[in-house]
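Below is one structure, written out as structure tokens; the observations come after it.
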Amino acid sequence: MMFSRLTENLAEDTEKESDEKFEAGLALESVTKLCPAYIRIVSFQSDYFFVYFDYFFEERKVRGMNTAVLKLEKHLPLIDTLRTYKKEYIKKDITAALTVAVIAVPQSMAYALIAGVNPVYGLYTAIVSTIFCSLFSSSNHLIGGPTNAIALLVASSMKNYMGLENAYEILFLLTFLVGALQLLFGVLRLGKLINFVSHSVIVGFTAGAAVLIGLGQLNSFLGISIPNSSEMSTLNKLVYILTHLETVNYYALGLGLLSILVIMICKKINRNLPGALLGVCLSSALVAMFSLEQFGVKLTGTIPSQLPPFRMIHFDWGMAGELLSGAFAIAIIALVEAISISKAIASQSRQKIDANQEIIGQGITNVVAPFFQCFPGTGSFSRSAINFQSGAATRIAGILSGVFVAIVLLFLGSYAKYIPMASLAGVILNIAYNMVNRAEIKRIFKLNKADALVMGTTAIAAVLLPHLDTAVYLGIAVSIMIYLREGSKVHIKILTPAQGKENAFLEKEIQSVEEKADTLIVHIQGNLYFGCADELEKKLDLLVGKASIVIIRMKRVNSIDVTSLDTLKLFVQKIKETGGKVIISGVSSNVDKLLTESKLAQEIGDENIFISQEDLFASSNQALNRAKYFLDYDISKVKEMFSNSAFVFNDQFDSSRQAVSQNTN
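In terms of the working numbering, the sequence shown opens at residue 26 and continues consecutively.
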């Protein structure tokens, strides 16, 4: 009876009062908890239910009573996608998903080879990571999974372990650590850490990685077998290849060149054509038709036609400690890539991106992935761009692309045994070539030498150093050093009124002050930290004995650290020793608090500190009036000095900082 009464209420006229609807919504929520199955049945029977239920939740949002649902929706964006999904989206999402899957199959196998693992693990990653990334990403168009740079970092981190019996257990532990670190960054809201990875570091790292990827695939492309290749560095492999060119397998070389040629032709005809897949399929067909394996052409081998199997990972604290450095580098680079790609696409789609949710989403993906035998993944620029350009409407396209890769694995996995390694090497060489952003490298060299130094250092380190994570850390370290160096430069100018121009001032270097003046206005710009304290002291010392009154204008200073406060205090003492006075104007509330707590306000005198106000130069006017109060000579000198300025002299002067502060912002 209760259920029948409820359904009757739902069918009543839609023009009920707001409070009545809300009460019915509460009843619906209660029934949902008691009998969710019944609510599902009602939802299929009554379109009005949806209107009613949606209205109820809108009311809950307005009234602030549905916090839990809102939080769940924030961290699981799929809920909002399903709630707002429209029929016209289905065709768009399926088309985009098929296009992405066609690209993902050869790419994921190629990236697995870069990582130094069996191609099947690349397919597993393209299934699981892609689906989970689409579930939790804040972007509707980001496609997760294996990528070139991350695969190379994985290879570097696993370099000393791939020959071991438990190599894959270690690989999955590495993946779990990457996800755990990313989740930690997200939960603790430490996403700002990625800001220390500058754009120049990424460009340099990618360029260096491209060189390593290309060199690492030369032997497979040429069909040259290298003994104990896993124990050799990339440069040693190159030396071996150059000294054994007579062993080139021309069948393998031909298949590799065929793949590259097909990719180039497809790109000229239509950039959306799956050139890599067509090239690999054509090469595989030739292998099957002419049994080219008997001529020394190496094949990828059999790939099991099964979905990624669930398997518990073996957690070893000792091994986790060894892997931590590599995992941290992978986690940071992966987050930078994912957020950068999401923002790049969002600039065209106009979708709002939540960077912290992106971090959490990537973390969840890489925590879950190793349980299905996947290596670390992140957002793929190429596949994400293709997804967006193919007209994907929602994140459902990303989920479906993972499903389609799974279908390919199930029904076509047995044919993978015909794929030649040389053909995949050709695909990888093409990827490596396109990884180098030549236009961006030229732009960085042209615009900023410091950025060029960071980029070049990172790229060279990536190629020459034995571990790629070291190259990342070195690039970050150089970026921070340059940042600190720039931060150590303090911008201090002397302000003098421009003759004949009202409200205009000329900036002069401190060194230009030669003769002693009655009053000097010193304009300081930027936050004052320990890095610039030494330069601040040197520049201020040039003013000692050069003026009776020094007005320090701090309108552009938002923060001062202890070291800089001590430097200012020392300057005030030096000015006092020469019989002068220091006045400070344009002080923000934050800086005012620091001056008080550091006792610097007491040293200067509260009456000589003027709080920043809305009117331009208002506090500086008050500072000049204070200077007038101190100067023991004809006031006309001061008026003449600043006659064309914005400063206005008041005969009535209130020297109280407390009085001034009443007119602050």
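Beta carbons: idealized from backbone N, C-alpha and C, even for Gly.
- Which stretch, first to last residue, makes up the beta strand (DSSP E) that contains Phe635? Taken as a continuous stretch (DSSP letters only), the beta strand (DSSP E) holding Phe635 covers Ile634 to Ile636.
- Helix, strand or coil at Ser697 [DSSP, three-state]: Within the shown structure, residues of the chain are numbered from 26 to 690, placing residue 697 beyond reach of any answer.
- Query: What number of angstroms, rounded off, separates the C-alpha of Leu593 from the C-alpha of Glu562?
  - Reply: 8 Å
- Residues near Ile384 by beta carbon distance below 7 Å, same chain, minus five either side: Taken in chain order, the residues that qualify are Gln207, Phe210, Gly211, Gly216 and Leu360.
- Is there contact between the stretch 166-173 and the stretch 485-496, where contact requires at least three CB pairs shorter than 8 Å? no
- Task: Jot down the residue ranges of each uninterrupted alpha helix (DSSP H) in the stretch 570-621, minimum 4 residues, whole runs only, in chain order.
- Result: 587-602
- Thr106 in three-state terms, based on DSSP: helix
- Query: Curious, which full-length beta strand (DSSP E) runs of at least 3 residues does the stretch 233-280 contain?
  - Reply: none
- Since Pro445 sits in a beta bridge, which residues does DSSP pair it with? Leu324
- Message: With H, G and I counted as helix, E and B as strand and the rest as coil, what does DSSP make of Thr419?
- Response: coil
- Nearest candidate by alpha-carbon position, reference Glu362, set Asn253, His224 and Ile501: His224
- Going by DSSP, name the residue or residues bridged to Val547. As a beta-bridge residue in DSSP terms, Val547 pairs with Ile519 and Ile577.
- Roughly how many whole angstroms lie between the Cα atoms of Phe397 and Tyr149? 7 Å
- Which residue comes first and which comes last in the alpha helix (DSSP H) that contains Cys158? For Cys158, the enclosing alpha helix (DSSP H) starts and ends at Pro144 to Phe161.
- Query: Secondary structure at Thr172, three-state DSSP: helix, strand or coil?
  - Reply: In the three-state DSSP reduction, Thr172 falls in the coil class, being neither helix nor strand.
- Message: Check for me: the alpha helix (DSSP H) holding Glu639 runs from which residue to which?
- Response: Counting along the chain, Glu639 falls outside any alpha helix (DSSP H), and DSSP gives it neither H nor E.
- Query: For Val597, which residues from the same chain have a beta carbon less than 8 Å from its beta carbon, with the 5 sequence-adjacent residues on both sides left out?
  - Reply: Val607, Leu625, Glu628 and Ile629
- Query: What separation, rounded to the nearest whole angstrom, lies between the Cα atoms of Leu509 and Gly551?
  - Reply: 13 Å
- Item | Cα-Cα separation between Leu520 and Ala542, rounded to whole angstroms | 13 Å
- Nearest-angstrom beta carbon gap, Thr200 and Asn391 [assumed within contact, 8 Å]: 6 Å
- Task: Just the C-alpha distance for Ser610 and Ala648, rounded to the nearest angstrom, thanks.
- Result: Distance between the alpha carbons of Ser610 and Ala648 is about 6 Å.
- Message: If distances are taken between C-alpha atoms only, which option among Ile389, Val452, Met506 and Glu539 comes closest to Ala137?
- Response: Val452
- Message: I need the straight-line Cα distance from Arg578 to Ser613, nearest angstrom please.
- Response: 11 Å
- Message: Tell me the rounded alpha-carbon separation between Glu113 and Ser415.
- Response: 15 Å
- Going straight from the alpha carbon of Thr57 to that of Ile152, what length do you get? The predicted position of Thr57 is uncertain, since its pLDDT is 46 and thus under 50; a value taken from the coordinates is nonetheless stated next. About 34 Å.
- Message: If you reduce the DSSP assignment to three classes, tell me which class Lys533 lands in.
- Response: strand
- Item | Under 9 Å between C-beta atoms of Val130 and Gly248 | no
- Task: Might you give, ordered along the chain, the residues of its own chain that have their beta carbon closer than 7 Å to the beta carbon of Ala418, omitting 5 neighbours on each side?
- Result: Tyr114, Lys117 and Asp118
- Proximity winner among Gly438, Leu218, Glu534 and Arg408, relative to Asn381 (alpha-carbon distances): Leu218
- Task: Within 10 angstroms of the Cβ of Ile378, are there 16 or more other Cβ atoms? Answer buried if so, exposed if not.
- Result: Classification of Ile378: buried, given that the 10 Å Cβ count is 16 or more.
- Task: Return yes when the Cβ of Ala354 is within less than 9 Å of the Cβ of Ser182, no when it is not.
- Result: Contact: yes.
- For Gln486, which of Thr124, Val264 and Thr231 has the nearest alpha-carbon? For clarity, residue 486 is Ala in the given sequence; the question names Gln instead. Residue Thr231 is the option with its Cα nearest to Ala486.
- Check the DSSP bridge columns for Ala542 and list the partner residues they point to. Ala572
- Message: Among the candidates Gly304, Leu545, Leu298 and Asn297, whose CA atom is the shortest distance from the CA of Val287?
- Response: Gly304
- Looking at the structure shown, is Leu213 part of a helix, part of a strand, or coil, going by DSSP? coil
- Query: Apart from the five residues on each side of it in sequence, which residues of its chain come closer than 6 Å, Cβ to Cβ, to Ile421?
  - Reply: Asp118
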